[in-house]
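Sequential numbering from 5 applies to the sequence shown in our numbering.
Using N, Cα and C, we set each Cβ at its ideal position, and we do this for glycine too.
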Amino acid sequence: MEDKKYIIEVEPAKQATDGKPSIGPVYRSLFAKDGFPKPIEGLDSCWDIFRMSVEKYPNNKMLGRREFVNGKPGKYVWQTYKEVYDIVLNVGNSIRSCGIEQGGRCGIYGANCPEWVISMEACNAHGLYCVPLYDTLGAGAVEFIISHAEVTIAFIEEKKIPELLKTFPNATKFLKTIVSFGKVSTQQKEEIEKFGVAAYAWDEFLSLGKDKHFDLPVKQKSDICTIMYTSGTTGDPKGVLISNNSIVTLIAGVKRLLESVNEAVTVDDVYLSYLPLAHIFDRVIEECFINHGASIGFWRGDVKLLVEDLGELKPTIFCAVPRVLDRIYSGLQQKISAGGFIKQTLFNFAYSLKLRNLKKGIKHNEATPVMDKIVFSKVKQGLGGHVRLILSGAAPLASHVEEFLRVVSCAHVLQGYGLTETCAGTFVSLPHEMSMLGTVGPPVPNVDVCLESVPEMNYDALSSQPRGEVCVRGDTLFSGYFKRDDLTKEVLVDGWFHTGDIGEWLPNGSLKIIDRKKNIFKLSQGEYVAVENLENVYGLVPVIDMIWVYGNSFESYLVAVVNPNKQAIEKWAEENGVSGDFNSLCENPKVKEYMLGELAKISKEKKLKGFEYIKAVHLDPVPFDMERDLLTPTFKKKRPQLQKYYQSVIDNMYKSIK
């Protein structure tokens with residue numbers, strides 16, 4: 005790499021020896037050239053993050069939710085840092101009066117709300133392990149996590165109580181106390197108490213600790229503050245142990261990064277909390293906001309009302325997963341095409357002018373100030389009117405969506421990359437850098453990163469275009485998988501965490517994620533297929549919403565299950581005289597033939613090898629979803645589950661080819 009603009013080399017490359025693969029040079033962020041930033045003096049734990057902000061900003065707005073007036077949502081009503089602190093101490097005393105000591109496990113189950121954060125801070129205060137119970141993985145996973153983590157007390161959203169009851173009696177081996185964020189009905193109370201478990205409404209629980217006082221234990225940096233279960237694409241969820249040190253180190257790195265690009269978080273920043281707090285992405289973002297005495301407002305829990313909550317809260321930083329940004333993109337595209345010829349022409353002119361200027365390196369707020377006012381200000385207002393940073397994480401964001409939002413949102417659109425095991429933020433693209441489109445940017449300034457060659461996939465970390473498995477080292481790493489030393493040893497080797505993702509260094513020092521190491525299989529003729537890479541290529545076909553490509557070592561070619569785009573298929577059918585509703589079109593041989601033709605076209609265009617072509621296709625009108633256990637909560641495909649679900653379809657496809 006010639007021009008490593010945003011990274012510096014800290015260790016040279018190592019050639020392959022003793023059957024070990026080659027390792028590329030070790031890099032770190034240019035913003036850490038004088039060493040990694042240290043957390044401020046006295047900031048050793050997640051409790052210190054909150055405690056120090058209460059001392060510094062007692063009267064700042066901390067947690068807000070919308071009040072309801074005559075059944076209608078009104079303004080956001082706020083609790084200050086000091087008010088929240090007083091409730092947290094009260095909740096902590098109540099927990100301790102149930103006999104739970106430092107190191108105890110406390111589950112939290114439900115949608116984001118002030119009580120979620122209050123319960124989490126009470127865990128931080130008393131050195132308890134906060135264990136989010138997955139809101140999106142169903143009762144099976146909730147029961148598994150309660151039993152595996154030995155959760156003795158659970159805080160729970162009122163409407164989730166019936167879900168939790170499904171885990172009884174198995175979960176009650178450990179679970180002894182349930183606290184509702186709202187009320188508990190008499191009937192529920194009776195049912196819960198039958199199993200020897202105490203159940204409390206929120207206010208009732210607070211009264212337990214009213215006149216009691218428990219000293220806060222001393223907390224070490226190395227203490228575990230949360231066990232976060234990841235929705236693995238195979239097998240049971242894994243409990244990722246995250247220490248205080250991981251989170252305080254990450255916060256110091258994010259602070260250094262944002263200050264280096266003149267986008268520091270301040271007390272005036274406002275965040276909309278809607279991405280699940282059960283995921284590391286949202287958890288660390290909220291910790292960053294708390295660290296700066298900024299404000300967190302909660303959504304109402306309904307994705308259809310999200311835009312309205314945005315309009316009322318007017319956040320300054322908006323975090324999203326690609327699913328949400330795709331929806332915003334589609335909504336805006338529909339509005340543009342419905343806007344008539346003059347509006348469309350004006351929009352297209354403004355768009356290409358601004359994009360051209362951005363590509364020349366002009367800053368987004370200076371690229372076309374007049375067009376921002378006339379054309380793009382409406383988009384800005386749709387996000388509340390104050391958003392300056394849009395951060396996308398958890399899955400790859402399509403380049404066309406990223407480019408579009410960079411032009412029209414009047415905000416920086418940054419794509420990040422990280423895992424639960426690396427405490428979320430490990431890479432993030434930088435403001436004003438159009439060359440980083442489609443990449444996850446350089447490393448955050450608190451980790452070292454290298455690529456390790458993967459010979460069986462032809463990825464060479466030492467070539468002129470360095471590609472290999474992304475490996476991360478530093479204090480933000482997890483402390484291991486709970487009760488799974490075997491799995492920990494597999495991924496943590498000599499201090500390096502092996503992510504399983506394949507990355508490619510670009511000349512400017514940003515990283516592009518191009519493949520996944522585990523999603524590789526051999527066809528019967530001995531050829532390796534990197535399936536995720538293929539799905540990215542086939543996913544470019546406009547008539548496809550989602551595709552799952554399948555092959556195995558007993559067959560010599562690939563087949564696929566496709567979720568077709570409804571509008572595109574119906575339009576093609578109309579133009580080609582094929583009748584029927586969407587479901588029957590998906591069954592129609594002519595439509596399948598058309599789809600195979602489109603797949604063949606992109607295969608040719610992208611110069612795929614013969615064995616990488618799709619030979620048969622099944623069209624499913626129902627999108628892959630979490631209900632059928634085909635996707636994880638971050639919309640990654642669960643390949644073993646997809647295979648199980650579609651096994652008869654796969655068999656029929658192979659039969660039809662033969």
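Margin query: With a threshold of 8 Å on Cβ separation, who are the neighbours of Leu466 within its own chain once the five nearest residues in sequence on each side are excluded?
Written below: Ala17, Gln19, Ser26, Gly28 and Ser457
Checklist line | Sufficient close CB pairs (3 or more, under 8 Å) joining the region 512-529 to the region 427-444 | finding: yes
Margin query: Counting C-beta neighbours from all protein chains within 10 Å, is the total for Asn587 16 or more, i.e. buried, or is it exposed?
Written below: exposed
Margin query: Tell me the DSSP secondary structure of Phe154 in three-state form.
Written below: Residue identity check: residue 154 is Glu in the sequence provided, not Phe. If DSSP states are grouped into helix, strand and coil, Glu154 belongs with coil.
Next item on the list: Out of Met124, Phe615, Asn580 and Lys37, state which residue places its alpha-carbon closest to the alpha-carbon of Glu291.
Entry: Met124
Checklist line | Reduced DSSP category for Ile112 - H, G, I as helix; E, B as strand; rest coil | finding: strand
Check: Grouping DSSP H, G and I as helix and E and B as strand, with all else coil, what is Phe322?
Finding: strand
Notebook entry, point to check: How far does the beta strand (DSSP E) with Gln83 in it reach, from first residue to last?
Noted result: Lys76 to Thr84
Notebook entry, point to check: Are Phe408 and Leu527 closer than 7 Å when you measure CB to CB?
Noted result: no
Next item on the list: Verify whether the separation of the beta carbon atoms of Asp624 and Val565 is less than 7 Å.
Entry: yes
Next item on the list: Taking Ser607 as part of the beta strand (DSSP E), name the residues at either end of that continuous run.
Entry: Note, Ser607: premise wrong, no beta strand (DSSP E); alpha helix (DSSP H) at Pro593 to Glu609.
Check: DSSP three-state call for His502: helix, strand or coil?
Finding: strand
Notebook entry, point to check: alpha helix (DSSP H) containing Met124: first to last residue?
Noted result: Pro118 to His130
Margin query: Once DSSP output is grouped into helix, strand and coil, what is the label at Asn556?
Written below: coil
Notebook entry, point to check: For the alpha helix (DSSP H) that Tyr355 lies in, which residues bound it at each end?
Noted result: Gly344 to Lys363
Margin query: Starting from Cys50, trace the beta strand (DSSP E) in both directions and tell me its first and last residue.
Written below: Element bounds for Cys50: not the beta strand (DSSP E) but the alpha helix (DSSP H), Cys50 to Lys60.
Notebook entry, point to check: Going by Cα to Cα distance, which pick from Ser560, Val432, Leu210 and Asn369 is closest to Asn97?
Noted result: Leu210
Next item on the list: Return helix, strand or coil for Ala256, following the three-state DSSP convention.
Entry: helix
Checklist line | Bridge-paired residues (DSSP) for Asn567 | finding: Met550
Check: With burial defined as no fewer than 16 other Cβ atoms inside 10 Å of the residue's Cβ, what is the status of Thr270: buried or exposed?
Finding: exposed
Margin query: What residue range does the beta strand (DSSP E) around Gln419 cover?
Written below: His416 to Tyr421
Next item on the list: Tell me whether Met630 sits in a helix, a strand or coil according to DSSP, three-state version.
Entry: coil
Check: Can you tell which of Phe72, Gly131 and Glu263 has the C-alpha that lies nearest to the C-alpha of Pro41?
Finding: Glu263
Checklist line | Identity of the residues DSSP links to Cys134 by a beta bridge | finding: Cys110 and Thr230
Checklist line | His665, enclosing alpha helix (DSSP H) - first and last residue | finding: For residue 665 there is no data in the structure shown, the boundaries of the chain being 5 and 662.
Check: Is DSSP giving Ile518 helix, strand or coil here?
Finding: strand
Notebook entry, point to check: When the Cα atoms are used, what is the spatial distance from Gly114 to Cys102?
Noted result: 22 Å
Notebook entry, point to check: Out of curiosity, what's the CA-to-CA distance linking Gln224 and Asp479?
Noted result: 14 Å
Check: Rounded to a whole number of angstroms, what is the C-alpha to C-alpha distance between Phe185 and Leu350?
Finding: 50 Å
Margin query: Short of 7 Å in beta carbon distance, which residues of its chain neighbour Leu179, apart from the five on each side in sequence? Order them along the chain.
Written below: Ile150, Val155, Thr156, Ala158 and Val201
Next item on the list: Tell me where the alpha helix (DSSP H) around Met657 begins and ends.
Entry: Gln651 to Ile661
Check: Just how far apart, CA to CA, sit Ile410 and His416?
Finding: A quick correction: the sequence has Arg, not Ile, at residue 410. Each residue's alpha carbon lies about 6 Å from the other.
Notebook entry, point to check: Is Asp313 buried or exposed, if buried means 16 or more other CB atoms sit within 10 Å of its CB?
Noted result: buried
Item checked: Inter-residue Cα distance where the pair is Asp219 and Lys60 -> 22 Å
Notebook entry, point to check: Nearest-angstrom Cα distance between Asp464 and Gly507?
Noted result: 11 Å
Margin query: If you reduce the DSSP assignment to three classes, tell me which class Val448 lands in.
Written below: coil
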